[in-house]
Amino acid sequence: MEYQFSNAFYEADPMIASTLNFNWVEGNLAVGGRFPMEAAEELAQKEGIRAIVDLRMEASDNEDILQRHGISFLRLPTEDRCAIAAPMINDGVEWVRNRLHAGTKVLIHCEHGIGRSALLALCTLVSEGIEPLDAMERLKKARPVVSPAPEQLEAFRGWIEHWPYAKTAFKVPSFEALSYIAYAHLRAS
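First residue of the sequence shown? That's 2 in my numbering, and the numbers climb one at a time after it.
Written as structure tokens, this is what we have:
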């Protein structure tokens, strides 16, 4: 399958039109969309990012370039608008948590920074003891374009229910409660 992408999304929203398309969510955790490999040095030097998770199936960051700039890399290939496979969510959460606990700045990204990256960030926040609806609110406030697909929201709900290392047992929020926050931008018009 060949993927074709348009720049219209980036041109329509000045917040994500810059080369470095990400937002800091919580502490050393950032969420965003793709970036050109030429920006790896800026990510490392200016932003201090030392770990990147790329969730795209349709493309991949160049691990050699990232490593030359001191950035560790994890790729969890997932199709656009699809949920990340549960074992990959667990691997990603563990990888990100290990780096955050070591004081490392981490960027989780997909193509546009809307769905796949949001799903992994939400799971990471909950794994750190943040209540699920609060995690969604924090992510949406930090990056208003976040809008996980229904399948991704359901994967988040399923992950909450089955996360084996949760600090606190959280009630699984309803799809409606999560979507009310995730799709708030649709009501704002």
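All C-beta atoms, glycine included, are put in the ideal place defined by N, C-alpha and C.
Please read these numbers as outputs of a predicted model, since none were measured by experiment.
Taking C-beta atoms as the reference points, A119 and V94 fail to come closer than 7 Å. Less than 7 Å separates the beta-carbon of L134 from that of P174.
When DSSP states are grouped into helix, strand and coil, N24 belongs to the strand group.
Leaving aside the five residues that flank I115 on each side, the residues in its chain whose CB is nearer than 7 Å to its CB run, in chain order, V146, V147 and S148.
Counting along the chain, V97 sits inside the alpha helix (DSSP H) bounded by residues A87 to H102. Excluding its 5 nearest sequence neighbours in each direction, W96 has C-beta neighbours in its own chain below 6 Å: L75, listed in chain order. Distances from the CA of F171 to each of R69, G159, S180 and A40 were compared; the closest alpha carbon is that of G159. The distance from the Cβ of L121 to that of L56 is about 6 Å, consistent with a contact at the 8 Å cut-off.
Distance from D62 to M38 at the Cβ level is roughly 7 Å; contact confirmed, criterion being Cβ atoms closer than 8 Å.
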